[in-house]
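*Asks:* Residue numbers (this note's numbering), protein chains in the order written: chain A, 1 to 183; chain B, 1001 to 1214.
Let me begin by handing over the structure; questions about it come next.
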Amino acid sequence: MDQTDNQLIAAALGGSLPAWDALVRRHERRVYNLGLRLLNNPDDAMDLVQDVFLGVYRNLYRFRGDSQFSTWLFRIVHNKAVDLIRRRQAGPEIEDWFEEGTPEPDNDLPGPLDSYLENEMNQRIGQFMSRLPPAQRLIVELKVFQALTFEEIAPLQDIPVNTAKTRFYTALKNLKAMIEAQT
Amino acid sequence: MSCPHTPEIIADHCDPDVSAEALQRHRVHLGTCKVCQQELLTLRGVPGELLRWQSISVPDWDRSGMIKSTIKRKTLPNRSHHWPAILQWLPLAASLVLAVAVMTQTRLSIGPQGWSLSFGVQSAGLSAEQLDEYLTAHANARQAETREWVEVALQTHGQTTADSIYQWMTYIEQQRALDVQRMDAGFEQLINRDFQTVDSVRQLASYVLYQEAP
């Protein structure tokens, strides 16, 4: 039977390496994919994963179990991602995204090339995201991929709920324009 | 043309936790606002497009490495090598020995009878016997020196009369006596200076005591 996050945390705090390993494996995929979408670079996404779990390990003793571990983890993920985005400043500004073309998938062949197409899809989405301003990129990530409510997003970004909604709307409009420009 | 309600309607449309009351309000608004209807139709598919993202597995990495390095840093350094451990205390030990030697005013004397170690402050002044011995030795040395000069002078100036030799000897004796007097005065001055120093310290102590008195 799988151990809960809290059980793994207790064991990890007691020095159990297997427990820590299991806890990381359980949550790393979500963090990695978030990093890929926000940073649009596998190396940076891996840096984010390592930064996040190092931060988690150092602060694990502070986790009291009042909220879900994934919620607590996501606060760390969010802060680290914001730091990394600021440092990397990945992608060109929103004004010039029209100038760059992204290759379309060559065809719709099923079968062995599906993985190629999936990869292409991810690249395309990653490029769309990277062309958004960082603030809009984060809102889309939190809302669409992490399924947070605007009441949860607003305090994370330290903005009013209505600002979060307006920012999200603007981001969707920008993304729609990018999608249409690709088709 | 735009509508101030559009951002909220689009955002709430993507929020499954939106309240029933807000949804009803939006429905009423959408019934009359063409702008919001058009925006909703245009943008409703965008989140779905993004959700075509295919989750990717994390490349293998050393998940426990950070713990191991943290644990390693927290432990004490390995002390299996005894010699370097001793060596690292040597400067401290040498400093302590020097400090003790300075504090106790240790003296190492090496003479013909061997070496000796002494501690504490030695008497700064000379005793009267030491002074007499010193003066006598000095006078003898000067006498011998004078005798040498005379012999040399006699050899050089053999024609010199006995009177002039006597006057010369008298002059030299006077000079010697004057030297001894000067030396005596110098020693007295030295002793007086020591006394003045002690007296100054005593005056300072009295002043401090006076200042501290209520």
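C-beta: ideal position from N, C-alpha, C; glycine also.
1. At the level of alpha carbons, what is the spacing between A:Gly91 and B:Leu1090?
2. Can you tell me whether B:Trp1115 is helix, strand or coil according to DSSP?
3. Chain B beta carbons: is any one of them nearer than 9 Å to that of A:Asp21?
4. Does any residue of chain B bring its CB to less than 9 Å from the CB of A:Leu169?
5. Buried or exposed: B:Met1169, going by 16 or more other Cβ atoms within 10 Å of its Cβ?
6. Under 7 Å Cβ to Cβ from A:Gly101, same chain only, skipping five residues before and after it: list those, please.
7. With a cut-off of 9 Å, does the C-beta of B:Gln1054 fall near any C-beta of chain A?
8. Do B:Leu1040 and B:Ile1009 have their beta-carbon atoms positioned less than 9 Å apart in this structure?
9. So A:Ile9 packs on A:Phe53, CB below 8 Å; how close in whole Å?
10. Taking only beta-carbon positions, decide if B:Ala1093 is within less than 9 Å of chain A.
11. Count Cβ pairs between the segment 40-51 of chain A and the segment 139-158 of chain A that sit closer than 8 Å; are there 3 or more?
12. Taking A:Asp5 as the reference, give the member of A:Trp72, A:Tyr32, A:Val161 with the closest Cα.
13. How would you list, in chain order, the residues of chain A whose beta-carbon sits under 9 Å from the beta-carbon of B:Thr1032?
14. For A:Ala12, which residues of its own chain have a beta-carbon under 7 Å away from its beta-carbon, when the five flanking residues on both sides are left out?
15. Label B:Gln1175 either buried or exposed according to how many other C-beta atoms from any shown protein chain fall within 10 Å of its C-beta, with 16 as the threshold for buried.
16. If you drop the 5 nearest sequence neighbours on each side, which residues of the same chain put their C-beta closer than 7 Å to that of B:Pro1106?
17. Looking only at its own chain, which residues have a Cβ that is under 8 Å from the Cβ of A:Val140, when we skip the five neighbours before and after it?
18. Looking at the structure shown, is B:Ser1019 part of a helix, part of a strand, or coil, going by DSSP?
19. Could you give the DSSP three-state label for B:Arg1107: helix, strand or coil?
20. For a test of the three-state rule: what should DSSP assign to B:Thr1197, helix, strand or coil?
21. For B:Leu1209, count neighbouring Cβ atoms within 10 angstroms of its own Cβ and tell me buried if that reaches 16, exposed if not.
22. A:Ile179 lies in the alpha helix (DSSP H); which residues open and close that run?
23. Is DSSP giving B:Arg1079 helix, strand or coil here?
24. Does any CB atom of chain B fall closer than 9 Å to the CB of A:Leu172?
25. Counting only beta-carbon separations shorter than 9 Å, does B:Arg1027 have a partner in chain A?
26. Please go through the same chain and pick out, in chain order, the residues whose beta-carbon is closer than 7 Å to the beta-carbon of A:Lys80, but skip the five residues on each side of it.
27. What is the DSSP secondary structure of A:Phe63, reduced to helix, strand or coil?
28. Could you name the residues of the segment 1006-1020 of chain B whose beta carbon sits closer than 9 Å to any beta carbon of chain A, in the order they occur along the chain?
29. Using the Cα positions of B:Val1152 and B:Ala1205, report the straight-line distance between them to the nearest angstrom.
30. Using a Cβ cut-off of 7 Å, pull out every chain B residue sitting near A:Asn40, in sequence order please.
31. Just verifying my parser: in three-state terms, what is the DSSP assignment at A:Ala81?
32. Comparing the C-beta of B:Val1035 with each C-beta of chain A, is any distance below 9 Å?
33. Please compile the residues from chain B whose C-beta is within a distance smaller than 8 Å of the C-beta of A:Asn33.
34. Listing by chain order, which chain B residues have their CB less than 9 Å from the CB of A:Leu73?
35. Taking 9 Å as the CB-CB cut-off, is B:Val1100 touching chain A?
36. How long is the line joining the alpha carbons of B:Ser1080 and B:Pro1112, rounded to whole angstroms?
*Replies:* In terms of the structure at hand:
1. Because the pLDDT of A:Gly91 is 48, which lies under 50, any placement of that residue in the model is unreliable, and the number read from its coordinates should be weighed accordingly. When rounded, the distance between both Cα atoms is 59 Å.
2. strand
3. yes
4. One point to set straight first is that residue 169 of chain A is Tyr, not Leu, in the sequence displayed. Chain B contact via Cβ: present.
5. exposed
6. Since pLDDT at A:Gly101 reaches only 38, below the 50 mark, its modelled position is unreliable, and no value is offered.
7. yes
8. yes
9. A:Ile9 to A:Phe53, Cβ: 13 Å. No contact.
10. no
11. no
12. A:Trp72
13. Neighbours of B:Thr1032 on chain A: none; closest Cβ ~19 Å, over 9 Å.
14. Ala19, Trp20, Leu23, Leu60
15. exposed
16. According to the sequence provided, residue 1106 of chain B is Thr. The question's Pro does not apply to it. Taken in chain order, the residues that qualify are Leu1117, Phe1119.
17. Met129, Leu132, Phe168, Ala171, Leu172, Leu175
18. coil
19. strand
20. helix
21. exposed
22. 161-182
23. Here B:Arg1079 scores only 47 on pLDDT, less than 50, and its place in the model is too uncertain to base an answer on.
24. yes
25. no
26. Leu48, Asp51, Val52, Gly55
27. coil
28. Thr1006, Pro1007, Glu1008, Ile1009, Ile1010, Ala1011, Asp1012, Cys1014, Asp1015, Pro1016, Asp1017, Val1018
29. 59 Å
30. The premise fails here: A:Asn40 is roughly 12 Å from chain B at the closest Cβ pair, so nothing lies under 7 Å.
31. helix
32. no
33. Trp1053, Ser1055, Ile1056
34. Neighbours of A:Leu73 on chain B: none; closest Cβ ~15 Å, over 9 Å.
35. no
36. Caution applies to B:Ser1080, whose pLDDT of 47 falls short of 50 and renders its modelled position unreliable; the model cannot decide the point.
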